[in-house]
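Using UniProt numbering, you'd call the opening residue of the sequence shown number 1 and step up by one each time.
Built from N, CA and C at the ideal position, the CB exists for glycine as well.
The structure appears below as structure tokens.
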Amino acid sequence: MGPKPIGAWAISRERSGPTSVVPVPTDKRARQREGREQRLQAEAKSTKRRTLIRRGIIVVVAIVVVGSIWLLKGGSSSPSSSTTTSPGQSSSATSTTLSNSQAKADQAKADKVSVAAGCPASTKTTVNNLTWPTAPAMTIDKAKTYLATITTDLGPFVVTLNAASAPTTVNNFVFLAQKGYYHCVIFHRVIPGFMDQTGDPTGTGTGGPGYTITDENPPKASNPAQQYPLGSVAMANTGSANSGGSQFFIVAGSQGESLPNTYALFGQVTSGLSIVNTINAQGSTANNGVPPLVTHRILSITIATQ
Numbered sequence: 001m002g003p004k005p006i007g008a009w010a011i012s013r014e015r016s017g018p019t020s021v022v023p024v025p026t027d028k029r030a031r032q033r034e035g036r037e038q039r040l041q042a043e044a045k046s047t048k049r050r051t052l053i054r055r056g057i058i059v060v061v062a063i064v065v066v067g068s069i070w071l072l073k074g075g076s077s078s079p080s081s082s083t084t085t086s087p088g089q090s091s092s093a094t095s096t097t098l099s100n101s102q103a104k105a106d107q108a109k110a111d112k113v114s115v116a117a118g119c120p121a122s123t124k125t126t127v128n129n130l131t132w133p134t135a136p137a138m139t140i141d142k143a144k145t146y147l148a149t150i151t152t153d154l155g156p157f158v159v160t161l162n163a164a165s166a167p168t169t170v171n172n173f174v175f176l177a178q179k180g181y182y183h184c185v186i187f188h189r190v191i192p193g194f195m196d197q198t199g200d201p202t203g204t205g206t207g208g209p210g211y212t213i214t215d216e217n218p219p220k221a222s223n224p225a226q227q228y229p230l231g232s233v234a235m236a237n238t239g240s241a242n243s244g245g246s247q248f249f250i251v252a253g254s255q256g257e258s259l260p261n262t263y264a265l266f267g268q269v270t271s272g273l274s275i276v277n278t279i280n281a282q283g284s285t286a287n288n289g290v291p292p293l294v295t296h297r298i299l300s301i302t303i304a305t306q
């Protein structure tokens, strides 16, 4: 505890009895008292300022962490150039601030391509009501390498699927793709520097195929900042165990790379990462990325073996 001011000490002396002598400060003592009081006030202000700063940092960190976890839950459901590049040749997407007129022009262009591919004119239209009572039976060969060509209104990108390490998730994805489940499905949540999320035919982030699958989460990476490298394709979930269904996301920035290992990693973009980056750059930092500034769509997914 710091030194008592002269005034406080004088009051205590006065209460000790009628014979107590209360010293009368000289001019020098008065100046000393004034100096001490100023220092105490400065220290109090400094302490308060440090406390507020610490509280502000804690609040910001809490918002970032909670936001990151919620973003990939898929709501309440069961959650550049056009040249071809490999993940190693392309960095994460850079957020682009689009003017309203540019966003409208880009949206019109994307919609024109989508409608020509048989999609509804509006990105808010539910594109299918396909559901199944149970998860699909295992039909893939775990020893084979599966390639998914995901064609969007911007062009295609290729995902090499991890059948050996995530067979149930890959089998589910292949099943849904071959059933046409992802035809015309939008990227409903896109956050620049983080990820592109899709896979819900309702476009709301709350839809799914009617069943859920078992988690196949990856082991913890030795470098937490590289848990999900750029171009990783992983299942969204509600935050509960075994809650994945059809929604998935593609990591497009450092925020996504450092997610905790609670999302089944079932693929890696090995060609066309620039398409993923363009979608990401036209996302939104408002309202957890919903809706993006420009809403893009999956037109088709074809599966092949290598």
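Inset, instruction - Within its chain, find whatever has a CB closer than 6 Å to the CB of GLY231; leave out the 5 residues flanking it on each side and keep chain order. - result: Working through the sequence shown from its first residue, we reach residue 231 at position 231. The residues are PRO87, GLN268, VAL269, LEU273.
Inset, instruction - Might you give, ordered along the chain, the residues of its own chain that have their beta carbon closer than 7 Å to the beta carbon of ALA241, omitting 5 neighbours on each side? - result: Against the sequence shown, residue 241 aligns to sequence position 241. Contacts found: ASP215.
Inset, instruction - Could you check what DSSP says for PRO224 in three-state terms: helix, strand or coil? - result: Looking up residue 224 in the sequence shown gives position 224. In the structure shown, PRO224 sits in a helix (DSSP, three-state: H, G or I).
Legend entry - Through-space distance from LEU299 to GLY180, alpha-carbon basis: Numbered from 1 along the sequence shown, position 180 holds the residue referred to as residue 180. Numbered from 1 along the sequence shown, position 299 holds the residue referred to as residue 299. Approximately 10 Å between the Cα atoms of the pair.
Legend entry - ILE140 - DSSP class collapsed to helix/strand/coil: Position 140 of the sequence shown holds residue 140. It is coil, neither helix nor strand.
Inset, instruction - Rank LEU130, ASN129, PHE157 by C-alpha distance to the C-alpha of VAL233 and give the top, closest one. - result: Stepping through the sequence shown from its first residue, residue 233 is reached at position 233. Ranking the options by Cα distance to VAL233, first place goes to PHE157.
Inset, instruction - Measure the C-alpha to C-alpha separation of TRP192 and GLN38 and round it to an integer number of angstroms. - result: Translated into positions along the sequence shown, residue 192 becomes position 192. Translated into positions along the sequence shown, residue 38 becomes position 38. What sits at residue 192 in the sequence shown is Pro, not Trp. About 49 Å.
Legend entry - Supposed close pair LYS124, GLY203 - CB separation, criterion 8 Å: Along the sequence shown, one-based indexing puts residue 124 at 124. Along the sequence shown, one-based indexing puts residue 203 at 203. Confirmed, about 6 Å.
Inset, instruction - Please list the segments of the alpha helix (DSSP H) lying wholly inside the UniProt domain "PPIase cyclophilin-type" (152-291), counting only runs of 4 or more residues, in order along the chain. - result: 167-178, 254-257, 273-281
Inset, instruction - Taking all protein chains shown into account, decide if PRO292 is buried (16 or more other Cβ within 10 angstroms of its Cβ) or exposed. - result: Counting from one through the sequence shown, the residue named residue 292 turns up at place 292. Answer is buried; the Cβ neighbour count reaches 16.
Inset, instruction - Pull up the distance between the alpha-carbon of ALA236 and that of ALA117, whole angstroms please. - result: As a working note, residue 236 is residue 236 in the sequence shown. As a working note, residue 117 is residue 117 in the sequence shown. Cα-Cα distance, rounded: 27 Å.
Inset, instruction - With DSSP collapsed to three states, give me the class of ALA148. - result: The sequence position of residue 148 within the sequence shown is 148, counting from 1. In this structure, ALA148 counts as strand in the three-state DSSP scheme.
Legend entry - Test item: CB-CB of GLY155 and ILE279 under 8 Å: Numbered from its first residue, the sequence shown carries residue 155 at position 155. Numbered from its first residue, the sequence shown carries residue 279 at position 279. Taking 8 Å as the Cβ cut-off, GLY155 and ILE279 do not qualify as a contacting pair.
Inset, instruction - Determine, using beta-carbon pairs with one atom in the stretch 130-150 and one in the stretch 255-265, whether at least three such pairs fall under 8 Å. - result: no
Legend entry - Close beta carbons around GLY283, own chain, < 6 Å, minus the five adjacent residues each side: On the sequence shown, residue 283 is found 283 positions in, with the first residue counted as 1. Closer than 6 Å at the Cβ level, and outside the excluded window around GLY283, lie VAL190, ILE191, PRO192, GLY289, PRO292.
Legend entry - Simplified DSSP assignment, three categories, for SER99: Position 99 of the sequence shown holds residue 99. Coil at SER99, not helix or strand.
Legend entry - Alpha carbon of VAL113 to alpha carbon of HIS296, nearest angstrom: Translated into the one-based positions of the sequence shown, residue 113 becomes position 113. Translated into the one-based positions of the sequence shown, residue 296 becomes position 296. Each residue's Cα considered, the two are about 10 Å apart.
Legend entry - Beta carbon of PRO260 nearer than 8 Å to that of TYR211: In the sequence shown, the residue the question calls residue 260 occupies position 260. In the sequence shown, the residue the question calls residue 211 occupies position 211. No, the Cβ-Cβ distance between PRO260 and TYR211 is not below 8 Å.
Inset, instruction - State the start and end residues of the unbroken beta strand (DSSP E) segment that holds SER300. - result: Working through the sequence shown from its first residue, we reach residue 300 at position 300. Per DSSP, SER300 belongs to the beta strand (DSSP E) from 298-305.
Inset, instruction - Compare the beta carbon distance of PRO136 and PHE175 with 8 Å and say whether it is the shorter of the two. - result: The residue given as residue 136 occupies position 136 in the sequence shown. The residue given as residue 175 occupies position 175 in the sequence shown. Against a cut-off of 8 Å, the Cβ pair of PHE175 and PRO136 comes out as a contact.
Legend entry - Neighbourhood of GLN255 by C-beta distance below 8 Å, restricted to the same chain and skipping five residues each side: Against the sequence shown, residue 255 aligns to sequence position 255. Closer than 8 Å at Cβ, skipping near neighbours: SER68, ILE191, GLY193, PHE194, MET195.
Legend entry - Cα-Cα separation, ALA105 to SER122: To locate residue 105, count along the sequence shown from 1; it is residue 105. To locate residue 122, count along the sequence shown from 1; it is residue 122. Their backbone Cα atoms lie some 15 Å apart in a straight line.
Legend entry - DSSP-derived helix/strand/coil call for LYS109: Numbered from 1 along the sequence shown, position 109 holds the residue referred to as residue 109. LYS109: helix per DSSP, three-state reduction.
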